[in-house]
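Student: Please see the structure below; I have some questions.
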Amino acid sequence: MARQFAPSLERVLGQPVVVQNRAGAAGAIGAAAVASAKPDGYSILFTLSSLSTLPEQAQVNQQKPAFLLSQLKPVARISTDPLAIVVRADSPLQTLSDLMVRARSRPGEMSYGSSGNYGTVHIPVEIFAHEAGLKLNHIPYAGGAPLMVGLLGGQVDFTMLPRSLIASHVRAGKLRVLATVGAEAWPQFPSAPSTEASGLNVGVLPWTGAFVPFDVSPTVMERLQSAFRIAAENPEFKQALLKAEGTPAYLDADEFRAFWSQDAARMNQAVRRMGKLE
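Here our numbering = 1-based position in the sequence shown + 461.
Below you can see the structure in the form of structure tokens.
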């Protein structure tokens, strides 16, 4: 999404915005590069919510973190991509209650797929399992695409994925939504209740946002915050985001900092509960 957002930001700032993919270590390499960059406002981290647990993951696995969250300063949240619990359309699991009843009757047998250990699927499902008192069998895949292949191929019983990845498969009759994650049901799939309506406090909400090195000056921060606010409201960008089933969800720096603090605390609690994974 950074490449979709960059043209809007470029027009506001009046100078080129170059997107560089710093792949590796589940995003830790890119985050570390910005965390240690010169705090002049020219190095910006555009990232996913998985950022929040990277240092904690390293620590529970007795490794030195590539960076610390305290080295980064939030600029803005740009969007969210709500999650849903999904099964194959021909699954015998018709409701969230069906899933929980079966999982409780056969502890450790019901399987779910994820995009990898401690990832954006693994952690939310583990929070769901903890809240619901379920013992599940985790099957990690090497990314979101193999996970979708595994789910559609019947290799796992269910998973939890963002709306942007499942909407087309649900409309095509390949997947069924058992529940949306959080407080709200989705207008697109009105028959699926929310986890909160089912009495579960899961409430994990994937997001995209921007950060800069912590020591960026107030003057630079003020300019960046203004630019991100204007760019996030660009109609073309918002339309592209909605077309991809994303949700425009701008928060300014102070609002994002408060949201991020609570969000990261909950996810890192789950990482510590999961502990070291082989």
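All C-beta atoms in this analysis are idealised placements derived from N, C-alpha and C, irrespective of residue type, glycine included.
Which class does R483 belong to by DSSP, given the choice of helix, strand or coil?
Tutor: What you label residue 483 is simply residue 22 of the sequence shown in a count that begins at 1. The answer is coil: DSSP assigns R483 none of H, G, I, E or B.
Student: Out of curiosity, what's the CA-to-CA distance linking E694 and Q700?
Tutor: In the sequence shown, the residue the question calls residue 694 occupies position 233. In the sequence shown, the residue the question calls residue 700 occupies position 239. Their backbone Cα atoms lie some 10 angstroms apart in a straight line.
Student: Can you tell me which of the three DSSP states M735 falls into?
Tutor: In the sequence shown, residue 735 corresponds to position 274, counting from 1. Helix at M735.
Student: Taking DSSP's pairing of strands, which residues face K534 in a bridge?
Tutor: Your numbering for residue 534 matches position 73 in the sequence shown. Answer is V673, bridged to K534.
Student: Per DSSP, which residues does R637 bridge with? Please list them.
Tutor: Residue numbering aside, residue 637 sits at position 176 when the sequence shown is read from its first letter. For R637, which the question treats as bridged, DSSP gives the partners V548.
Student: So, helix, strand or coil for G574, using DSSP?
Tutor: For this step, residue 574 is matched to residue 113 along the sequence shown. Here G574 sits in strand by DSSP.
Student: Quick one, which of M561, A467, A498, S722 has its alpha-carbon nearest V479's?
Tutor: The sequence position of residue 479 within the sequence shown is 18, counting from 1. Measuring from the Cα of V479, the nearest candidate turns out to be A467.
Student: Quick one: grab the DSSP three-state call for F689.
Tutor: Taking the sequence shown and counting its residues from 1, the one referred to as residue 689 is at position 228. Three-state result, F689: helix.
Student: Would you report the Cα separation of Q465 and E697, rounded to the nearest angstrom?
Tutor: Looking up residue 465 in the sequence shown gives position 4. Looking up residue 697 in the sequence shown gives position 236. Computed Cα separation, rounded: 9 angstroms.
Student: I need the DSSP call for T708, collapsed to helix, strand or coil.
Tutor: Position 247 of the sequence shown, counting from 1, holds the residue named residue 708. Of the three classes helix, strand and coil, the one that applies to T708 here is strand, per DSSP.
Student: So L529 and S513 are supposed to be a Cβ contact under 8 angstroms. How far apart are they, rounded?
Tutor: Translated into the one-based positions of the sequence shown, residue 529 becomes position 68. Translated into the one-based positions of the sequence shown, residue 513 becomes position 52. Contact doesn't hold; Cβ gap of about 12 angstroms is too wide.
Student: Return helix, strand or coil for G557, following the three-state DSSP convention.
Tutor: In the sequence shown, counting from the first residue as 1, residue 557 sits at position 96. Going by the sequence as given, residue 557 is Leu instead of Gly. It is helical.
Student: My parser needs the beta strand (DSSP E) runs of 3 or more residues fully inside the region 573–627; what are they?
Tutor: If we require 3 residues or more, the beta strand (DSSP E) runs fully inside the region 573–627 come out as 598–601, 620–623.
Student: Under DSSP, the beta strand (DSSP E) around F507 begins and ends at which residues?
Tutor: Taking the first residue of the sequence shown as 1, we reach residue 507 at position 46. First-last of the beta strand (DSSP E) with F507: 506–509.
Student: Rounded to the nearest angstrom, how far is the Cβ of L470 from that of A688, given a contact under 8 angstroms?
Tutor: In the sequence shown, counting from the first residue as 1, residue 470 sits at position 9. In the sequence shown, counting from the first residue as 1, residue 688 sits at position 227. Confirmed, about 6 angstroms.
Student: Would you kindly work out how many angstroms separate the C-alpha atoms of R734 and Y579, rounded to a whole number?
Tutor: Residue numbering aside, residue 734 sits at position 273 when the sequence shown is read from its first letter. Residue numbering aside, residue 579 sits at position 118 when the sequence shown is read from its first letter. Near 11 angstroms, if we compare the C-alpha coordinates of Y579 and R734.
Student: If you compare alpha carbons, which of E683, G605, V677 is closest to K499?
Tutor: Here residue 499 refers to the residue found at position 38 of the sequence shown. Per the Cα distances, V677.
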